[in-house]
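One structure is given below, encoded as structure tokens.
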Amino acid sequence: MKPDHALVCLQPGPHASLVSQALPQPRLGRHQVLVRVTATSINPIDTKRAQGYGRRLLGLIGAGGNAVVLGNDFAGHVVAVGPQATPYKVGDQVYGVLPTGRAGGAHKSTLVADARYLRPLPKDLDPAAASVLPYTFCTLWQAFSGLGLDANRVKDQHILVHGGSGALGQMAIQVLAQWGGHVTATCSAAHADLCRSLGAETVVDRHQTRITELPAHFDVTLNFGSWSDDAQLVTRLRHGAIGHATTVHPLMSELDQHGWLRGLLRLLSQWRHMRKLVKEKGPQTRYAWVLFKPSPDALDTLAELLRQDHIHLDIAMRVPFSKARRAFQHVANGSPQRAVLLPNA
Ligand SMILES: NC(=O)c1ccc[n+]([C@@H]2O[C@H](COP(=O)([O-])OP(=O)(O)OC[C@H]3O[C@@H](n4cnc5c(N)ncnc54)[C@H](OP(=O)(O)O)[C@@H]3O)[C@@H](O)[C@H]2O)c1
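To convert a position in the sequence shown, counted from 1, into this note's numbering, add 609.
Next comes the structure, spelled out in structure tokens:
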């Protein structure tokens, strides 16, 4: 067996490199589990962080610097268990997610995970297929929580998913359709059939139809596509709508580009402008800037959806760390299919 190692991103920025480095012996806390990683996925945030994105805000929580281990989600098997890391035992197959922080990411051959953010791998589920889900699902969950959406609230509502063919969009379509919502998705023409197959009732080619040409009848709008479309998406909400959530807000980029003071002032101004537009739709209409956060509730819901075979994302490539650069490029290109690293292959 190879010694423990991590894929380290050196000098995040235009000249970043990805190198495999030996890992120090991990120390296990009471509620933690040591996992030997079978598969760990690459999300768009990893490709952006490799370019230096988010360095100010993430630096504040110890996730910046000149040598970072990226990645949040993974699947593998348990090799050691802290005294209170119930209900896991050595040999269990699991999948899970790491928060972004000082301890570094999931692109490792062996990692330490909080038992709250692990779930048993369903029997017969490919570990790689599980490893592409938790980060994106926890983010989607934050979007839903920000708007107060659950299965009861979504039923019979009209929801516009902008960026429907990306990982967030695909998961949103699957969950919202499953909960009885009427989903309209925007994407490129090449991905229209994919969005339809996942449950979108209407699919709009974003290169042919302007957002302002869509009906202004939506109860919810979700922006997973582009910040520059945020204001136009809000105009498509009906009066008295539930609200709008966006994962593509400029929180990190403004701080990166303009520093703390100027960046915060610019963010405040943009937030206020958007909130005002949203509030014109109704005093109860909500507006949410979404930030990924691991959530036991999200992971429970994901586990249930997996049990019912109601959620999946396709994987285009599975590669060892030595081919990581190609896999990062694939994700940076915005493909509907994810790429997965196999650290112990
Ligand atoms: N705030 C957070 O904590 C958080 C967490 C997760 C993700 N995110 C961000 O949310 C976004 C979506 O994530 P994801 O994982 O779904 O990404 P993804 O899998 O890379 O998919 C993004 C999709 O958006 C579409 N797109 C690209 N440019 C667009 C544009 N200008 N306007 C509208 N659609 C566009 C593309 O599909 P088509 O070509 O088919 O249109 C692309 O496949 C990313 O920017 C990601 O960084 C933020």
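Ideal Cβ placement from N, Cα and C applies to all residues, glycine included.
Model, not experiment: these values are computed from the prediction.
What three-state label does DSSP hand residue i in the structure shown?
{"i": "residue 668", "result": "helix"}
{"i": "residue 630", "result": "strand"}
{"i": "residue 662", "result": "coil"}
{"i": "residue 763", "result": "helix"}
{"i": "residue 702", "result": "strand"}
{"i": "residue 826", "result": "coil"}
{"i": "residue 619", "result": "strand"}
{"i": "residue 950", "result": "strand"}
{"i": "residue 966", "result": "For the chain, the structure presents residues 610 to 954; residue 966 sits outside this window and is missing."}
{"i": "residue 794", "result": "strand"}
{"i": "residue 816", "result": "coil"}
{"i": "residue 625", "result": "coil"}
{"i": "residue 811", "result": "strand"}
{"i": "residue 756", "result": "helix"}
{"i": "residue 749", "result": "helix"}
{"i": "residue 939", "result": "helix"}
Locate the beta strand (DSSP E) running through residue i, then write down its first and last residues.
{"i": "residue 855", "result": "852-855"}
{"i": "residue 682", "result": "682-690"}
{"i": "residue 720", "result": "719-723"}
{"i": "residue 847", "result": "That residue, residue 847, is in no beta strand (DSSP E); it is neither H nor E in DSSP."}
{"i": "residue 651", "result": "641-651"}
{"i": "residue 695", "result": "Where residue 695 is concerned, there is no enclosing beta strand (DSSP E), given that its DSSP letter is neither H nor E."}
{"i": "residue 727", "result": "727-729"}
{"i": "residue 676", "result": "676-678"}
Residue i CB to nearest chain D CB: under 7 Å?
{"i": "residue 714", "result": "Note that chain D does not occur in the displayed structure, where there is just one protein chain."}
How would you write the range of the alpha helix (DSSP H) that residue i sits in, first residue to last?
{"i": "residue 782", "result": "776-787"}
{"i": "residue 887", "result": "860-888"}
{"i": "residue 833", "result": "It is not in any alpha helix (DSSP H) - residue 833 carries neither H nor E in the DSSP assignment."}
{"i": "residue 802", "result": "801-807"}
So, for residue i: in the same chain, excluding its five sequence neighbours on each side, which residues have a beta-carbon less than 6 Å away from its beta-carbon?
{"i": "residue 850", "result": "828, 890, 894"}
{"i": "residue 812", "result": "794, 801, 804, 805"}
{"i": "residue 693", "result": "639, 640"}
{"i": "residue 843", "result": "853, 886, 887"}
{"i": "residue 791", "result": "767, 810"}
Within its chain, find whatever has a CB closer than 8 Å to the CB of residue i; leave out the 5 residues flanking it on each side and keep chain order.
{"i": "residue 838", "result": "771, 820, 832"}
{"i": "residue 700", "result": "686, 687"}
{"i": "residue 635", "result": "613, 643, 719, 720, 721"}
Please list, in chain order, all residues of the same chain as residue i whose beta carbon is under 7 Å from its beta carbon, the five residues on each side excluded.
{"i": "residue 612", "result": "631"}
{"i": "residue 933", "result": "616, 627, 950"}
{"i": "residue 671", "result": "710, 711"}
Is the number of C-beta pairs between the region 674-688 and the region 868-882 that are closer than 8 Å three or more?
no
Please confirm if the region 797-817 is in contact with the region 746-756, defined as three or more CB-CB distances below 8 Å between the two stretches.
no
With a threshold of 8 Å, are at least 3 pairs of Cβ atoms found where one atom belongs to the region 617-632 and the other to the region 658-672?
yes
Cβ pair count under 8 Å reaching 3, the region 754-768 against the region 818-835:
yes
Which full runs of the alpha helix (DSSP H) of 4+ residues lie inside the region 884-937, going along the chain?
905-916
Is there contact between the region 915-928 and the region 781-792, where contact requires at least three CB pairs shorter than 8 Å?
yes
Are at least three pairs of beta-carbons, each pair with one atom in the region 901-913 and one in the region 716-732, less than 8 Å apart?
yes
With contact counted as at least three CB pairs below 8 Å, one residue from each stretch, are the region 729-748 and the region 638-654 in contact?
yes
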